[in-house]
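In the working numbering, the protein residues as written are 77 to 267.
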């Protein structure tokens, strides 16, 4: 008869996410995970598989949380430009308990050239964000708030690039004014 789990799977997966987010994939040892997740090594393997499989589950969870956070922030806003601004501000106004930066961007930098599974997950998440920008841009053009002189898909790729850059910058600077200026400058292209 199978034993029931003696821990909350979502809770320990969240702990693994925080560990990987702080340390990265390569610098995180199995012992770091077992200690930080508060479970036995055997339970970790039985529930999550090896380190790579666990990391892929963490990336899925992070992408789901982040996409939901973005959707919730912009839902119901009448202004496309304000919705885009809020997406940028998510990157710089993080919760104090969160590690700096973005786990997806960290993964892109650390693993994309070495791990096709990680690259695919990052690309999927990045594409989701680009499509969200594109949707907001189209809504803004249809409402007359935004000009029609650019192709929404091209502008979405540009705005996503700015967002990725902001996610990197928050790891290197505490200067909120500088980060806000980057957002303001990026949004001027929509005028």
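In this text, a Cβ means the ideal position worked out from N, Cα and C, and glycines have one as well.
Asked: Would residue 106 and residue 113 qualify as a contact pair, given that the criterion is a beta-carbon distance under 8 Å?; Found: no
Asked: Is residue 112 helix, strand or coil by DSSP?; Found: helix
Asked: Could you give the distance in angstroms between the alpha-carbon of residue 103 and the alpha-carbon of residue 215?; Found: 43 Å
Asked: Around the Cβ of residue 129, are there at least 16 other Cβ atoms within 10 angstroms (buried) or fewer (exposed)?; Found: exposed
Asked: Which of helix, strand or coil does DSSP assign to residue 246?; Found: coil
Asked: Residue 217 lies in the alpha helix (DSSP H); which residues open and close that run?; Found: 192–219
Asked: Consult DSSP for residue 83 and reduce its assignment to one of helix, strand or coil.; Found: coil
Asked: For a test of the three-state rule: what should DSSP assign to residue 228, helix, strand or coil?; Found: helix
Asked: Buried or exposed for residue 250, going by 16 or more other Cβ atoms inside 10 Å?; Found: exposed
Asked: At what residues does the alpha helix (DSSP H) containing residue 262 begin and finish?; Found: 252–264
Asked: Evaluate residue 228 with the Cβ neighbour count: other Cβ atoms within 10 Å of its Cβ, from every protein chain shown; 16 or more gives buried, anything less gives exposed.; Found: buried
Asked: Please state the DSSP three-state secondary structure of residue 157.; Found: helix
Asked: Does the Cβ of residue 248 have 16 or more other Cβ atoms within 10 Å, making it buried, or fewer, making it exposed?; Found: exposed
Asked: For the alpha helix (DSSP H) that contains residue 179, what are its first and last residues?; Found: 179–187
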